[in-house]
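Numbering (my numbering), first residue to last: 22 to 362.
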């Protein structure tokens, strides 16, 4: 941006963006969205037309942000090890961009019909940014993000912890503690085997706690809605936790499958468990749902604040969930019809 190239990018991409009824300036939020949807939504403030701004805000969350990357890495590594890089690239960059233009074309012919405004933009001269100016811009924007959204992240993180930790089954937890203590004092085990068994018992205990918690009950309530997509209640819980932050989907799966909460998308132990519980077809459906459904809560709050309208905000959340469910349904059920697994 400081070099002056971003303005030229908008000019170059103007014709392409016209295919969805937008101007080249909307390409900049789209590009930023590949890093994070929140600054991408904020970047729509540069758009002069209110119609273009609303439309861009509705479309930007379809672009896959970097927080979704660990989910793609996990499933691609587990179910498509020989083509993991291609699968990750397809979901991280290809399908989100395709969804942006496809849904944008539908919007251009339905909700946002009308004459387009002429695109006029002054191109700034090329400049070499100074280190000082880059640091100042980073600091100002980082501080702005934390001041605006830090409280939202904290509140929903505490809420997610509460839903996953309560109510407690003290009888079951006491039984697990007794078994852990028994293993700890068993002198017949080597130090390595003792540590492995204790870790397994702690992971089982955590998985049991989440299953019986409020969020586990919510997942089982939602199970009939995701069953046609090939997921069970654990998939539903992972998607719910992903509403707080998409990268939490991976750690949630680590807990739910009793592998541990400290798992990443590259963890071989979690990839092995995922490969046992998912097929390539259900993995594709799950990744597609993660790509298209509602972005994190911070992005949703940003949409509400930027649009200043609950009507548009509710529509944004609703249509994204509907598109995600429909796309995953078509992939899973369509794949089954033609004999894929």
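Beta carbons: idealized from backbone N, C-alpha and C, even for Gly. No experiment lies behind these values; they were computed from the predicted model shown.
Bounding residues of the alpha helix (DSSP H) (the contiguous stretch that carries residue i)
i, result
"residue 323", "318-328"
"residue 165", "152-186"
"residue 146", "No alpha helix (DSSP H) contains residue 146, which DSSP labels as neither H nor E."
"residue 35", "35-38"
"residue 271", "269-277"
"residue 230", "212-233"
"residue 82", "Run containing residue 82: none; DSSP gives neither H nor E here."
"residue 262", "254-262"
"residue 50", "48-53"
Same chain, Cβ closer than 7 Å to residue i, neighbours up to 5 away in sequence not counted
i, result
"residue 187", "234, 235"
"residue 100", "296, 299, 301, 304"
"residue 287", "94, 98"
"residue 121", "51, 80, 83, 84"
Residue i versus residue j: straight-line alpha-carbon distance, rounded
i, j, result
"residue 79", "residue 132", "11 Å"
"residue 276", "residue 183", "15 Å"
"residue 166", "residue 42", "30 Å"
"residue 95", "residue 306", "14 Å"
"residue 81", "residue 210", "55 Å"
"residue 134", "residue 47", "17 Å"
"residue 125", "residue 112", "18 Å"
"residue 179", "residue 157", "32 Å"
"residue 213", "residue 193", "26 Å"
Three-state secondary structure (DSSP) of residue i
i, result
"residue 64", "helix"
"residue 134", "coil"
"residue 127", "helix"
"residue 70", "coil"
"residue 362", "coil"
"residue 298", "helix"
"residue 351", "helix"
Sequence-distant residues of its chain with Cβ nearer than 8 Å to residue i (five each side left out)
i, result
"residue 116", "85, 309, 312"
"residue 302", "251, 352, 353, 356, 357, 361, 362"
"residue 66", "74, 327"
"residue 249", "350, 353, 354"
For residue j and residue i, believed in contact at Cβ under 8 Å, the rounded distance
i, j, result
"residue 154", "residue 23", "6 Å"
"residue 173", "residue 322", "5 Å"
"residue 265", "residue 177", "5 Å"
Residue-level contact to chain B via CB, residue i, 8 Å cutoff
i, result
"residue 126", "Of the protein chains in the structure, only one exists, and it is not chain B."
Spatial neighbours of residue i in its chain, beta-carbon cut-off 6 Å, leaving aside the 5 residues before and after
i, result
"residue 240", "254, 257, 258"
"residue 345", "310, 313, 314"
"residue 230", "none"
"residue 57", "86"
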